[in-house]
Amino acid sequence: MPFSEIIGQDRAIAVLRRSISMGRVAHAYLFSGIEGCGKRKSALAFIQAVFCGREEACGVCSCCKKVANGQHPDLHILEPDGAFIKIDQVRELQKELSYRPFEAPKKACIIDGADKLNLSSGNALLKTLEEPPGDALMILIAPERSAVLQTILSRCQALQFQPLAAELIEGRLVRDRFPAEAARVAATLSGGSLKRGIEIATDGVLEGRGSFLERIIALNLKDVSALFAAAEEFAADKEGLPGLLELLLSFLRDILIYRSTPGALANADLEQLIAREAARCPESRVMELIEQLVAMRRMLARNVNARLALEVFFMRFAAR
Ligand SMILES: [Zn+2]
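Here the sequence shown is numbered in our numbering, starting from -14 and rising by one per residue.
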């Protein structure tokens, strides 16, 4: 994966390219940004370029090919084993980095989940970050800087990766042969994550979207058993729930903007449904629901009882 394949991260990539051309590659970097915005791909492209000895990797030498295939003996990738990166994993990595490189100019590693280093594994890593053996290149990846131990952060050159613009994601999905309509909707629902955009365009989220929303809209306080059943069912789908809430949020936003900018709907194919709700629901009420939904999402991220939270939200929604 050359740098040129990565979309929307021009600033971070310019910094990386310059560090190669000036011969000033740092020991340790921290790439932060939301999931699916290109951090790991950029790390691989950077390591490939450093191994290849050029600002942009040639892509055809044996070193480049091995990095691309994930089989380079001098590249080590560390990921959480369970909830955390454990101290034994860090020690194993340190041992690997202490060997002489087989064929690359230096050893390199990607620690994908630097926010999952706990105090002991993080402390174990500190000295290696300061003085990597044999001038090794270390790239740490995390969703946000604040999630990384301060002691780790202070030893890395930090690079911020931006959420991707919806147009960029849409363009990439179309290039990758997703139907134009699916690409557009998935891009607007992706929250700036290409990975999420691909997931939405690929899995059943889009097809099930209309019927999911119809069902939520039909919930009413006269039939609380149906309301509670829906809360229970959606709460049980732990994997799918964040996507469904994202969908509901985009739908509420569409209701809000329908009167002013009907051409800018994320769910343009559901315009009839949106128009109906916009006619029925005052703007202030929609705003409140959006606020409540955002607050609920935050609570769910902290492992609040999902069924209970959904019940409360659905009751508020049904009373709109
Ligand atoms: Zn090469």
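Cβ coordinates follow ideal geometry from the N, Cα and C atoms, glycine included.
Could you work out which residue in the options is closest to residue i when comparing CA atoms only?
i: residue 75; options: 54, 286, 91, 112; result: 112
i: residue -3; options: 149, 232, 243; result: 149
i: residue 303; options: 271, 284, 286, 291; result: 271
i: residue 245; options: 260, 231, 123, 41; result: 260
i: residue 265; options: 250, 274, 240; result: 240
i: residue 50; options: 69, 40, 89; result: 89
i: residue 161; options: 0, 187, 222, -7; result: 187
i: residue 342; options: 206, 64, -5, 133; result: Absent from the model: residue 342. The displayed extent of the chain is -14 to 305, so no value can be given.
i: residue 151; options: 136, 137, 171, 133; result: 171
i: residue 137; options: 167, 144, 100; result: 100
i: residue 41; options: -8, -12, 71, 98; result: -12
i: residue 184; options: 92, 2, 21, 10; result: 21
i: residue 68; options: 106, 35, 36, 94; result: 106
i: residue 122; options: 177, 45, 165, 31; result: 31
i: residue 126; options: 96, 168, 108; result: 96
i: residue 35; options: 8, 55, 56; result: 8
Helix, strand or coil for residue i per DSSP?
i: residue 249; result: helix
i: residue 309; result: This structure gives no information on residue 309, because the portion of the chain shown stretches from -14 to 305.
i: residue 94; result: strand
i: residue 142; result: strand
i: residue 16; result: strand
i: residue 102; result: strand
i: residue 63; result: strand
i: residue -8; result: coil
i: residue 236; result: helix
i: residue 109; result: helix
i: residue 206; result: coil
i: residue 295; result: helix
i: residue 123; result: strand
i: residue 163; result: coil
i: residue 302; result: helix
i: residue 87; result: coil
Using a 10 Å radius around the Cβ and a threshold of 16 neighbouring Cβ atoms, would you call residue i buried or exposed?
i: residue 257; result: exposed
i: residue 33; result: buried
i: residue 173; result: buried
i: residue 276; result: exposed
i: residue 175; result: buried
i: residue 198; result: buried
i: residue 17; result: buried
i: residue 155; result: buried
Report all residues from its chain with a CB closer than 6 Å to the CB of residue i; omit the five preceding and five following residues, and keep chain order.
i: residue 114; result: 13, 140
i: residue 87; result: 58, 59
i: residue 29; result: -14
i: residue 2; result: 40
Under 8 Å Cβ to Cβ from residue i, same chain only, skipping five residues before and after it: list those, please.
i: residue 278; result: 230, 233, 234, 237, 298
i: residue 296; result: 212, 213, 216
Using the C-alpha atoms, what's the distance from residue j back to residue i?
i: residue 80; j: residue 61; result: 11 Å
i: residue 251; j: residue 181; result: 15 Å
i: residue 194; j: residue 201; result: 11 Å
i: residue 147; j: residue 179; result: 12 Å
i: residue 128; j: residue 94; result: 18 Å
i: residue 15; j: residue 82; result: 18 Å
i: residue 262; j: residue 253; result: 14 Å
i: residue 134; j: residue 98; result: 12 Å
Hey, is residue i close to ligand 3, as in C-beta under 7 Å from one of its heavy atoms?
i: residue 42; result: Looking at this structure, you won't find ligand 3 anywhere; what it does contain is ligand 1.
Below 7 Å CB to CB, which residues in the same chain sit around residue i once its five sequence neighbours on both sides are set aside?
i: residue 285; result: 291, 294
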